[in-house]
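Engineer: After the structure tokens below, expect a handful of questions from me.
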Amino acid sequence: MSQTHRVLLSEDDILEKIEGIATQICEDYRGQEVILVGILKGAFVFLSDLAREIEHQSQDGKGVSACFVEFMSISSYGDSRKPGDIRIELDVRQSVRGQNVIIVEDVADSLETLYRVRQILSEKGAAEIRVAVLLEKPEGHKRSDVSLDYVCFRIENAGFVYGYGMDVAEKSRALPFVAVADPE
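With the UniProt record's numbering applied, the sequence shown closes on residue 184, and no number is skipped along the way.
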């Protein structure tokens, strides 16, 4: 049985936005090293395309001097009532001490996870920490102390989105576009 998807953002639209934020990153960190820290599993496709575009734009010497890729896997404690109470399932392996770090996330909604990841990387001694997100859902923000430095798309009241790394019960991550689930 084939499933039809209601496309919210096409592959071309996504890649165009990624090119734009890669340009910003290359300008912001010209001649410097950056470490991209992707939050698994949802950000893996976005991180891959962003890292490739940064490398592509940096080949002429006008971008970053080096772009490293790291991953973190985070989960919420299911029985915790404390916002932002998370467990690190996979931590960065490369030292971030004194480094420029960009957290790469699929969706920024409550901002609780981003707040905690930023705090963890700061405690590890990162020199500068910025955030790149594929999708921002501003209506879900529960914090005002987390800045989103590079945002591909701001979507309001879009409902549940999937594809391009984001899943529906672990399915549909490999779709080349972002789709929105029809309300039940």
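For every residue, glycine included, the Cβ atom is placed at its ideal position computed from N, Cα and C. These numbers were taken from a predicted model, which means no experiment stands behind them.
Helix, strand or coil: how does DSSP classify residue 48 here?
Structural biologist: DSSP places residue 48 in helix when its eight states are reduced to three.
Engineer: Tell whether a beta-carbon distance below 9 Å holds between residue 85 and residue 72.
Structural biologist: Not closer than 9 Å, so no.
Engineer: Assuming the contact rule is C-beta atoms closer than 8 Å, residue 108 and residue 133 should be a hit. Round their C-beta distance to whole Å, please.
Structural biologist: The pair is a contact, with the Cβ atoms about 4 Å apart (cut-off 8 Å).
Engineer: Who are the near neighbours of residue 128 in its chain, counting only those whose CB is closer than 6 Å to its CB and skipping five residues on each side?
Structural biologist: For residue 128, where only same-chain residues beyond five positions count, the Cβ hits under 6 Å are 100.
Engineer: Does the distance from the CB of residue 165 to the CB of residue 44 come in under 9 Å?
Structural biologist: A contact, by the Cβ cut-off of 9 Å.
Engineer: Hey, would you say residue 22 sits closer than 9 Å to residue 53, going by beta carbons?
Structural biologist: Against a cut-off of 9 Å, the Cβ pair of residue 53 and residue 22 comes out as a contact.
Engineer: For the alpha helix (DSSP H) containing residue 13, list its first residue and its last residue.
Structural biologist: Residues 11-28.
Engineer: Would you kindly report the start and end of the unbroken beta strand (DSSP E) that includes residue 223?
Structural biologist: The structure shown has nothing for residue 223, since the chain only spans 1 to 184.
Engineer: What separation, rounded to the nearest whole angstrom, lies between the Cα atoms of residue 39 and residue 106?
Structural biologist: Roughly 8 Å between the two C-alpha positions.
Engineer: CA-CA distance, residue 32 and residue 98?
Structural biologist: Between residue 32 and residue 98, the C-alpha separation is close to 12 Å.
Engineer: Any beta-carbon of chain C closer than 9 Å to the one on residue 154?
Structural biologist: Absence of chain C from the displayed structure is noted, only one protein chain being present.
Engineer: In angstroms with no decimal places, state the Cα-to-Cα distance between residue 12 and residue 26.
Structural biologist: Distance between the alpha carbons of residue 12 and residue 26 is about 21 Å.
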